[in-house]
Amino acid sequence: MKKIILIFLLAFIETSACTTFVIKDSTNLLFCRNYDYDLGAGFITINKRDVAKRSFVSYPFQPLEWIAKYGSITFNQVGVDAPMGGMNERG
């Protein structure tokens, strides 16, 4: 009976999920992803190379720091340094 109730409840829960897959042959790699969320607003950012970057982490973790080797273009929804996707100049 518990299984039947659980299945019944799960049938009425709205879910959303993203799908990611890679297609690869001997010379090419194609990365594909969809983004199934209701939040549709965002903006495009052009990121220059040779810019110092720092990861955002909470205490007690230590952030990573690096210099961007390549320029990139990213799609952002919550902030400039929080991209949801993009591509660097190397592809």
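Here the sequence shown stands for residues 20 to 110, numbered as in our numbering.
The beta-carbon is built from N, C-alpha and C at its ideal position, and this holds for glycine as well.
Remember, predicted model here, so these are calculated numbers, not experimental data.
In terms of CA proximity to GLY90, GLY110 leads the group SER74, GLY110, MET103 and ALA101. Closest option to ASN66, judged by alpha-carbon separation, among LYS22, ILE24 and THR93: THR93.
About 6 Å separates the beta carbons of ALA101 and ASN95, which is inside the 8 Å limit, making them a contact pair.
Between GLY105 and ARG52, the alpha-carbon positions lie close to 11 Å from each other. At a Cβ-Cβ threshold of 8 Å, LEU83 and SER77 do not count as neighbours.
Collapsing the DSSP output to three states places LYS67 in coil. LYS22 sits in a helix when the DSSP states are folded into three classes. VAL99 and THR64 do touch by the CB rule: their CB atoms are close to 5 Å apart, below 8 Å. Spatial neighbours of TYR54 in its own chain (CB-CB distance under 8 Å, excluding positions within 5 residues in sequence) are listed in chain order as CYS37, MET103 and GLY104.
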